[in-house]
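Just so you know, the sequences run in chain order Z and E.
Going by my numbering, the first sequence opens with residue 7, and the numbers climb by one from there.
Going by my numbering, the second sequence opens with residue 7, and the numbers climb by one from there.
2 protein chains.
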Amino acid sequence: MKEGPDIARIATLIGDPARANMLMALMGGQALTATELAGAAGVTLATASAHLSKLEDGGLLTQRKQGRHRYFALADSAVAGLLEDLAGLAATRGHLRHRPGPRDPALRRARICYDHLAGDFGVRMLDSLIERGAILEEGEALALTGSGHRFFCEMGIDAEALKTPRRPLCRACLDWSERRSHLGGTLGKALFDHIMAEGLARREPDSRAIRFTREGERRFLALFPVQDADAA
Amino acid sequence: MKEGPDIARIATLIGDPARANMLMALMGGQALTATELAGAAGVTLATASAHLSKLEDGGLLTQRKQGRHRYFALADSAVAGLLEDLAGLAATRGHLRHRPGPRDPALRRARICYDHLAGDFGVRMLDSLIERGAILEEGEALALTGSGHRFFCEMGIDAEALKTPRRPLCRACLDWSERRSHLGGTLGKALFDHIMAEGLARREPDSRAIRFTREGERRFLALFPVQDADAA
DNA sequence: GGGATGCTTCGGTTACCATCGAAGCATGAA
DNA sequence: TTCATGCTTCGATGGTAACCGAAGCATCCC
């Protein structure tokens, strides 16, 4: 009743459906305007504005003025990590939203999770990295191996430079659609950036879905092979 | 409004102050009765009962009937992990509860965090393990080294046996009082169990505080030395 | 300047839900 | 059986906060 941090305050902020929708929309990693977020949440601009100032006061969001626009983004990767965990937990407890919309299949296949790849493709990528011995899986924790170091070097990714005090290099992020882990952390982000830079895929507008090109999918599957080739 | 898991539902459950207090009380790791939880939350039994069934429906709690008592506990370590993260985030955003009660200093010093040691002593323990090279810190991620393996073996802890698919061996858990990490995961639990089994400390009744004996504190400090000896 | 766009503030309405006391039900003790 | 304890259910109450439309303020464009 007295000691410790006030978790209820943060949880209440996330607990409102409109605010939760806004936060999930920002898991796309891009900063969005108040109007865009109002649309994502399905409320009027007036309501959205009130929500956004609450989220900002609560330290979950940051705001940047740019001309007459106001861009909002998640405050930092700690907030994104919390939302990921929350989504993972909600998925395992069966708290799915009622209407899986028409573009849901695309989201299950490949989507962006704040700044890294999630969905079927994301899970496959981590599986492949573990199979090849690039990443060591110890329970839920992930560690980069020496051979993994070399593998990423060949792709032009310097894993050593990705180590930061603020954020883990490898992070297991529970995937809500697959209910298995995909790769987050700075390495997960670097790999996603690599995929986009190489033009293997592009983002769907106004969605977190990622669409691979035919050629991009071929190269992705070749780069990250897995043992048992099952097709859905 | 459409895709993905319903994070708002889980967050709403945690977002009510009474329910948050109950959950934090259960972070002590022990199962508690409905009456005890009502006391912890500061509500009547009727109100508590309603909250508890919501939490159980939401999959955050499990219930065990035992005679005419009903014992509640956190559903699993995933829930505990989420609450830890939430508390860590709340602490860094300055969302502290208003009245740091009289026993607050004892909590800052040493307390239980679901099933492992937290507070000043918990942070010191992890610092010491990193200094001695038993645990490798890569950003926010933690990994056990070979020398750490041997060190824990000498204490009678077989780290190999602690690896589980469900839960990480080492987990960095942001400490709300120190704002630095302490050691969670199955290894963190094993070390805490070791400390209690050796009689270095005992639990305060009705609190998450851990009180070290004079001799226990001496042995703890000898076992986990740190470089710069600063005293509060 | 005049007009359009983006957002915030204000006032009022509505709906939900936390809360409690009292009554009901189950379990265990005498 | 009879009583006590632990908890749930019921019904009623109250406060909080989400919501919207309209008005106000700021920024940019012409």
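Here a beta-carbon is modelled for each residue, glycine too, at the ideal position from N, C-alpha and C.
Since the structure is predicted, the reported quantities are computational estimates derived from the model, not experimental observations.
Own chain partners of residue i with C-beta closer than 7 Å, once the 5 adjacent residues on each side are dropped
| i | result |
| --- | --- |
| Z/Arg208 | Arg217 |
| Z/Ala241 | Examination of residue 241 of chain Z is not possible in this model, given that chain Z is present from 7 through 238 alone. |
| Z/Gly35 | Ile118, Tyr120, Asp121 |
| Z/Pro174 | Gly191 |
| Z/Ala86 | Met33, Leu80, Tyr120 |
| Z/Phe54 | In the sequence under discussion, the amino acid at residue 54 of chain Z is Ala, which differs from the Phe named in the question. Excluding residues within five positions, the ones whose Cβ falls inside 7 Å are Ala40, Leu43, Ala44, Ala47. |
| E/Glu143 | Ile136 |
| E/Gly65 | Ala81 |
| Z/Arg170 | Checking the sequence, you will find Thr at residue 170 of chain Z rather than Arg. Excluding positions up to five away in sequence, the list reads Thr192. |
| E/Arg76 | Thr39, Ala40, Gln69 |
| E/His155 | Ala165 |
| E/Ala31 | Leu38, Leu43, Ala46 |
Own chain residues within Cβ distance below 8 Å of residue i, not counting five before or after
| i | result |
| --- | --- |
| E/Asn27 | Ala46, Ala47, Gly48 |
| E/Thr98 | Leu180, Arg185 |
| Z/Val129 | Asp181, Glu184, Arg186, Ser187, His188 |
| Z/Ala116 | Leu123, Ala124, Gly125, Asp126, Phe127, Gly128, Ala207, Ala215, Ile216, Arg217, Phe218 |
| Z/His200 | Met161, Gly162, Ile163 |
| E/Glu139 | The question names Glu, but residue 139 of chain E in the sequence shown is Gly. Answer for E/Gly139: Thr151, Ser153, Gly154, listed in chain order. |
Helix, strand or coil at residue i according to DSSP, with G and I counted as helix
| i | result |
| --- | --- |
| Z/Gly107 | Low confidence applies to Z/Gly107: its pLDDT is 47, below 50, so where it sits in the model is not reliable, and the reading given next is rough at best. Of the three classes helix, strand and coil, the one that applies to Z/Gly107 here is coil, per DSSP. |
| Z/Ser187 | strand |
| E/Gln176 | The question names Gln, yet the displayed sequence has Cys at residue 176 of chain E. Note: E/Cys176 maps to coil in three-state DSSP. |
| Z/Glu143 | strand |
| Z/Thr170 | coil |
| Z/Gly194 | helix |
| E/Phe158 | helix |
| E/Asp199 | helix |
| Z/Val129 | helix |
| E/Phe226 | helix |
| Z/Ile16 | helix |
| Z/Ile163 | coil |
| E/Ala238 | For E/Ala238, the predicted structure reports a pLDDT of 41, less than 50, and the residue's modelled location is therefore unreliable. The matter cannot be settled from this model. |
Residues sharing a beta bridge with residue i, DSSP
| i | result |
| --- | --- |
| Z/Phe239 | Residue 239 of chain Z falls outside the range modelled here, since chain Z spans only 7 to 238, and no answer is possible. |
| E/Arg117 | E/Ala124, E/Ala215 |
| Z/Leu150 | Z/Ile141 |
Residue burial classification, residue i (beta-carbon count within 10 angstroms, cutoff 16)
| i | result |
| --- | --- |
| E/Ala203 | exposed |
| Z/Ala228 | exposed |
| Z/Cys159 | exposed |
| E/Asp234 | exposed |
| E/Arg214 | buried |
| E/Glu221 | exposed |
| E/His57 | buried |
| E/Gly21 | buried |
| E/Leu89 | buried |
| Z/Pro211 | exposed |
| E/Arg224 | exposed |
| E/Ser59 | exposed |
| Z/Leu51 | exposed |
| E/Gly10 | buried |
| E/Gly194 | buried |
| E/Asp91 | buried |
| Z/Asp12 | buried |
6 Å CB neighbourhood of residue i in its chain, flanking five on each side removed
| i | result |
| --- | --- |
| Z/Arg177 | Gly190, Gly191 |
| E/Leu123 | Phe198 |
| Z/Phe226 | Leu206 |
| E/Leu148 | Ile141, Cys176, Ala178 |
| E/Leu113 | Ala215 |
| E/Asp133 | Val232 |
| Z/Ala93 | Trp182 |
| Z/Met251 | Shown here, chain Z extends from 7 to 238; a query on residue 251 of chain Z therefore has no answer. |
| Z/Ala237 | Unreliable positioning characterises Z/Ala237 in this predicted model, as indicated by a pLDDT of 45, which lies under 50. The coordinate reading is nonetheless provided below. Cβ within range, chain order: n/a, list empty. |
| Z/Ser83 | Arg173 |
Discussion item. I'd like the ranges of any alpha helix (DSSP H) spanning at least 4 consecutive residues and lying wholly in the segment 19 to 100 of chain E.
Written reply: 23 to 32, 40 to 47, 51 to 63, 83 to 98
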